[in-house]
Structures are given as C-alpha cells and as structure tokens.
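In our numbering, the protein residues as written are 102 to 451. Down below is the structure, laid out as structure tokens.
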Amino acid sequence: MKLSQFKFNLPEELIAKYPTAHRDEARLLVVHKKSDQLEHKAFKEVLDYFNKGDFFIFNDTKVFPARLFGNKEKTGAKIEVFLLRELNPDQHLWDVLVNPARKIRIGNKLYFGENEELVAEVIDNTTSRGRTLRFLYDGPYDEFKKQLFSIGETPIPEYLERSAEPEDVDRYQNIFAQNEGAVVAPAAGLHFSRELMKRMEIRDIDFGFLTLHNGLGAYRMIDVEDLTKHKMESEQMIITEELCEKVNRAKDAEKNICAVGTSVLRAVETTVSTDGHLKPKDGWTNKFIFPPYDFTLTNSLITNFHLPYSTLLMMACAFGGYEKVINAYEEAIKEKYAFGAYGDAMLIVD
C-alpha cells in the first residue's frame with residue numbers, strides 16, 4: 102500500500118489535549134469486522150463483548166521521565182534533551198535526541214537542574230538529532246538515576262502542544278505499568294481503571310502481560326510513498342513462557358484473544374508461529390505491519406484513534422480491514438471522537 106492512502110483531514114480540535122476525568126469514561130467505537138455495523142459505546146462497556154475464559158494481553162512497560170531541559174556550557178543556550186535508552190549503566194551513557202541539534206557538538210557539556218547539579222558530556226553524534234551523552238556523576242547508580250529522573254519531565258507527545266503538568270505523571274502511565282523503559286505510553290491501556298480490571302476478574306476474563314518498550318520510532322514521519330521500503334526502528338520486548346502457556350491454552354479452547362494496543366499486536370506478531378501459537382522471546386522487534394496482513398492469534402484489538410500517516414493507524418487498518426477502519430475514522434470525525442494518546446478508543450471485533 103501507499104503512504105498517501107493513510108491521509109485524512111483531522112480537525113485540530115479533535116486532538117485530545119487532556120485525558121478524561123476517569124480512565125474508563127472515554128468513548129468507544131466498536132467496529133465489527135464481519136459486518137458494516139458500528140456501535141457507539143462508553144469504554145467501561147468494553148467487557149460486554151467478551152466472555153468467560155477470553156484473554157486480554159496488556160503491555161506492562163513503564164514510561165520514564167525522558168524529557169530534560171538544560172543549558173549549554175559557556176553560551177547558556179537553552180537545550181532540550183530527550184532520553185531514548187540507557188546504553189551503559191556503569192558509565193552513565195545514554196542515547197538521546199537534542200534540540201536544537203546544530204548547536205550541540207561532541208565535547209560540549211550540558212547542565213541540568215535548578216542549580217545545574219547534573220552535568221553531561223556529548224561524546225558521539227549518532228543521527229542528525231541523535232547524540233550519545235555521558236553523565237558525569239560519581240555517586241552510587243541508584244542516586245544518579247533518582248536525580249536524573251527527578252529533573253526529567255513526563256514525555257507527553259509533542260502533538261499535544263503543551264508542557265507536561267503534574268497530572269501527566271499519573272495519567273500518561275498504565276495502572277499496571279512496572280517494567281521501566283518506554284518513552285511513549287501504550288495508549289490503549291490508559292483506559293483501563295482498577296474497577297474495570299476487577300470486573301474482568303469477576304467475569305472470569307483472563308489477562309496477562311508482555312513488555313514492549315515503546316520508542317519514538319512508530320511516531321516518526323514516514324518519508325517513502327511505498328510502505329514496503331519503510332524500516333521501523335527496533336524496540337526491546339519480552340514475552341515470557343508463562344504468558345505463552347496462558348494465551349495458547351485460551352487459543353486452543355477457541356476463546357477470544359484481545360490485543361490491548363498496537364504495541365501488543367507488534368510483539369505478538371513478532372513471535373507467533375504458523376499454527377497460531379505464541380512463542381517466548383527476550384530481544385528486539387522492528388516488525389512493520391500494514392495491510393494486507395493475516396493475523397493468526399488475536400481476533401480483537403483495542404486501540405486509540407491515531408493521527409494521519411501513523412504506523413499505528415496502518416496496523417489498525419491491517420487488523421480491521423483498510424476500508425472498514427477508514428470508514429470508522431470518518432464516522433469518528435463526524436461524531437467528534439477525541440484522537441491521540443489521551444483520546445477515545447476503538448474496539449475491533451469479529
């Protein structure tokens with residue numbers, strides 16, 4: 102397929118700047134793959150489409166405060182540093198993005214914190230905006246990490262066009278997040294409240310967790326019209342043997358398997374076998390899913406409404422069918438659904 106097929110006109114006012122007052126009170130558009138039916142629901146009604154023994158797969162990655170603001174040595178120029186991933190804990194090496202990049206060169210020192218108490222040195226250029234930083238800190242690692250994260254801000258998406266606020270620390274994080282490493286929250290999971298998770302248990306709807314550390318790769322602009330030529334950046338993922346056993350048992354019992362978010366979908370499709378069973382993995386994935394694509398394990402997907410040209414929209418179209426999902430988006434815009442990480446949700450079912 103072509104990149105231009107994923108263009109649509111999204112009114113600016115439909116991009117949600119803030120989350121709903123309660124996690125499970127977002128709106129839910131239900132898309133039926135085997136018919137043209139669309140249903141308008143509240144997210145808290147999502148469990149009505151599932152039965153005892155069905156299985157939800159969540160992503161338990163945890164977002165860390167990845168956005169730092171500091172000053173360049175000598176000139177005092179304001180700079181933004183976005184932490185991508187830790188390269189070497191012992192040497193305090195981090196892979197980062199810097200802005201403005203043209204002013205940040207190898208050998209420069211950068212100062213962070215109200216009293217400039219944290220210093221980093223640029224030791225390598227990796228991409229046009231990418232740098233490798235060495236933080237100059239002599240104390241214990243735990244103390245360094247605590248100070249680094251106390252200075253950092255919640256990395257809410259740039260398209261929100263606002264600064265992070267105290268509320269974002271909690272709301273731009275899934276309630277079950279536990280494995281630190283993401284700079285982007287798995288947005289579909291943001292709709293799940295403790296009350297909703299408890300109702301899943303009461304209804305005997307089973308669930309489990311994998312880990313995929315969402316990076317910025319899925320949100321970068323695609324610069325090729327032919328999607329077969331686009332290369333995704335690798336993201337770290339872990340699927341345990343325990344999760345595989347539970348999912349495969351539900352699959353063999355012909356239960357519904359629901360992927361909560363496109364990150365879960367990517368992770369599952371990275372390791373699923375030809376017979377539709379999930380296999381364990383501790384490694385990386387750069388899988389790029391776009392239509393047409395055959396899914397052999399999951400038969401339902403919860404996902405947010407994504408922005409034009411998004412690889413996440415492409416995955417949703419691959420799962421639900423291109424025309425069906427694009428038509429659902431047209432309906433969502435007409436009905437003024439909220440888009441983006443803090444927006445409303447879509448459930449795609451058979």
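Backbone N, C-alpha and C define an ideal beta-carbon position, used for all residues, glycine too.
Given alanine 439, which residues of its chain have a CB within under 8 Å of its CB, disregarding the five upstream and five downstream residues? Mapped onto the sequence shown, residue 439 falls at position 338. Cβ neighbours of alanine 439 beyond the five flanking positions: Leu115, Ile116, Ala117, Ala127, Arg128, Phe406, Asp445.
Do the segment 287 to 305 and the segment 139 to 151 touch if we need at least three Cβ pairs shorter than 8 Å? yes
Using only the alpha-carbon positions, how far apart do valine 426 and cysteine 418 sit? As a working note, residue 426 is residue 325 in the sequence shown. As a working note, residue 418 is residue 317 in the sequence shown. Each residue's alpha carbon lies about 6 Å from the other.
Ignore the nearest five residues each way along the sequence and tell me which others in arginine 300's own chain have a CB closer than 8 Å to its CB. Within the sequence shown, residue 300 is the residue found at index 199, counting from 1. Cβ neighbours of arginine 300 beyond the five flanking positions: Leu148.
For the 8 Å Cβ check, are there 3 or more pairs between the segment 204 to 220 and the segment 177 to 184? yes
If you draw a straight line from the alpha carbon of leucine 414 to that of tyrosine 394, how long is it in whole angstroms? Residue 414 sits at position 313 when you count from the first residue of the sequence shown. Residue 394 sits at position 293 when you count from the first residue of the sequence shown. Straight-line Cα distance between these residues: approximately 14 Å.
Ordered along the chain, which non-local residues of its own chain (more than five positions away) have a Cβ less than 6 Å from that of glycine 441? Position 340 of the sequence shown, counted from the start, is the residue given in the question as residue 441. Hits under 6 Å: Ile116, Ala117.
Please specify which runs of the beta strand (DSSP E), each continuous and at least 3 residues long, are wholly inside the segment 237 to 310, giving them in chain order. 280 to 283
Along the chain, which unbroken stretches of the beta strand (DSSP E) at least 3 residues long are found entirely within the segment 350 to 414? 358 to 361, 382 to 386, 401 to 405
Less than 6 Å between C-beta atoms, sequence neighbours within five positions excluded: which residues of the same chain meet that for aspartate 383? Taking the first residue of the sequence shown as position 1, residue 383 is located at position 282. Closer than 6 Å at the Cβ level, and outside the excluded window around aspartate 383, lie Ile339.
With DSSP collapsed to three states, give me the class of leucine 115. The residue you call residue 115 lines up with position 14 of the sequence shown. In this structure, leucine 115 counts as helix in the three-state DSSP scheme.
Which residue from Gly318, Lys210, Asp324 puts its Cα closest to that of alanine 283? The count along the sequence shown starts at 1 and reaches residue 283 at position 182. Checking every option, the nearest Cα to that of alanine 283 belongs to Gly318.
Residues that DSSP places opposite glutamine 192 in a beta bridge: Taking the first residue of the sequence shown as position 1, residue 192 is located at position 91. According to DSSP, glutamine 192 bridges with nothing at all.
Determine the burial state of methionine 322: buried for a count of at least 16 other Cβ atoms within 10 Å of its Cβ, exposed for fewer. If you number the sequence shown from 1, residue 322 lands on position 221. Per the 10 Å Cβ criterion, exposed.
If leucine 348 sits next to phenylalanine 156, beta carbons under 8 Å apart, how far is it from one beta carbon to the other, in whole angstroms? The residue you call residue 348 lines up with position 247 of the sequence shown. The residue you call residue 156 lines up with position 55 of the sequence shown. Per the sequence shown, the amino acid found at residue 348 is valine instead of leucine. Right, their Cβ atoms sit about 6 Å apart.
For lysine 103, does the count of other Cβ atoms within 10 angstroms reach 16, so buried, or fall short, so exposed? As a working note, residue 103 is residue 2 in the sequence shown. The residue in question, lysine 103, is exposed, as its Cβ has fewer than 16 Cβ neighbours within 10 Å.
Does the beta-carbon of tyrosine 242 have 16 or more other beta-carbons within 10 angstroms, so that it is buried, or is it exposed? Residue mapping note: residue 242 aligns to position 141 of the sequence shown, counting from 1. Looking at its Cβ environment, which holds fewer than 16 other Cβ atoms inside 10 Å, tyrosine 242 is exposed.
What first and last residue would you give for the alpha helix (DSSP H) that runs through tyrosine 430? As a working note, residue 430 is residue 329 in the sequence shown. Per DSSP, tyrosine 430 belongs to the alpha helix (DSSP H) from 423 to 435.
Identify, in the order they occur along the chain, each residue of the same chain with its Cβ nearer than 8 Å to the Cβ of isoleucine 257, setting aside the five sequence neighbours on each side. In the sequence shown, the residue the question calls residue 257 occupies position 156. Same-chain partners within the cutoff: Arg263, Ala265, Asp269, Tyr273, Ala442.
Could you check what DSSP says for arginine 203 in three-state terms: helix, strand or coil? Locating residue 203 in the sequence shown gives position 102, counting from the first residue. Helix.
Within 10 angstroms of the Cβ of arginine 232, are there 16 or more other Cβ atoms? Answer buried if so, exposed if not. Residue numbering aside, residue 232 sits at position 131 when the sequence shown is read from its first letter. Buried is the call here.
Taking the beta strand (DSSP E) that glutamate 222 belongs to, which residues open and close that run? As a first step, residue 222 must be located in the sequence shown, where it is residue number 121. First-last of the beta strand (DSSP E) with glutamate 222: 219 to 226.
What are the boundary residues of the beta strand (DSSP E) that methionine 447 is part of? Residue numbering aside, residue 447 sits at position 346 when the sequence shown is read from its first letter. Its beta strand (DSSP E) spans residues 446 to 450.
Looking only at its own chain, which residues have a Cβ that is under 7 Å from the Cβ of tyrosine 119, when we skip the five neighbours before and after it? On the sequence shown, residue 119 is found 18 positions in, with the first residue counted as 1. So the list reads Tyr443, once near-sequence residues are dropped.
In this structure, does DSSP put lysine 135 in helix, strand or coil? Numbered from its first residue, the sequence shown carries residue 135 at position 34. In the structure shown, lysine 135 sits in coil (DSSP, three-state: anything other than H, G, I, E or B).
Can you tell which of Pro381, Asp271, Glu254 has its C-alpha closest to the C-alpha of phenylalanine 313? The residue given as residue 313 occupies position 212 in the sequence shown. The question names phenylalanine, but residue 313 is leucine in the sequence shown. Nearest C-alpha to leucine 313: Pro381.
Which partner residues does lysine 332 have in the DSSP bridge list? Stepping through the sequence shown from its first residue, residue 332 is reached at position 231. BP columns for lysine 332 are empty, so no partner.
Using a Cβ-Cβ cut-off of 6 Å (strictly less than) and excluding sequence neighbours within five positions of asparagine 200, which residues of its own chain qualify? On the sequence shown, residue 200 is found 99 positions in, with the first residue counted as 1. If we look at asparagine 200 and ignore the five residues flanking it on each side, its Cβ neighbours are Glu181.
Between which two residues does the beta strand (DSSP E) carrying threonine 162 extend? Taking the sequence shown and counting its residues from 1, the one referred to as residue 162 is at position 61. Unbroken beta strand (DSSP E) run through threonine 162: 162 to 164.
Could you have a look at aspartate 149 and say whether DSSP puts it in helix, strand or coil? In the sequence shown, the residue the question calls residue 149 occupies position 48. Helix at aspartate 149.
Less than 8 Å between the CB atoms is what I'm expecting for glutamate 370 and lysine 352, so what's the real figure, rounded? Here residue 370 is taken as the residue at index 269 of the sequence shown, counted from 1. Here residue 352 is taken as the residue at index 251 of the sequence shown, counted from 1. About 14 Å; that fails the 8 Å criterion.
If distances are taken between C-alpha atoms only, which option among Thr372, Ile403, Glu436, Pro166 comes closest to proline 287? The residue you call residue 287 lines up with position 186 of the sequence shown. Nearest C-alpha to proline 287: Ile403.
Hey, would you say asparagine 216 sits closer than 8 Å to glutamate 174, going by beta carbons? Position 115 of the sequence shown, counting from 1, holds the residue named residue 216. Position 73 of the sequence shown, counting from 1, holds the residue named residue 174. Their beta carbons are not under 8 Å apart, which means asparagine 216 does not touch glutamate 174 by this criterion.
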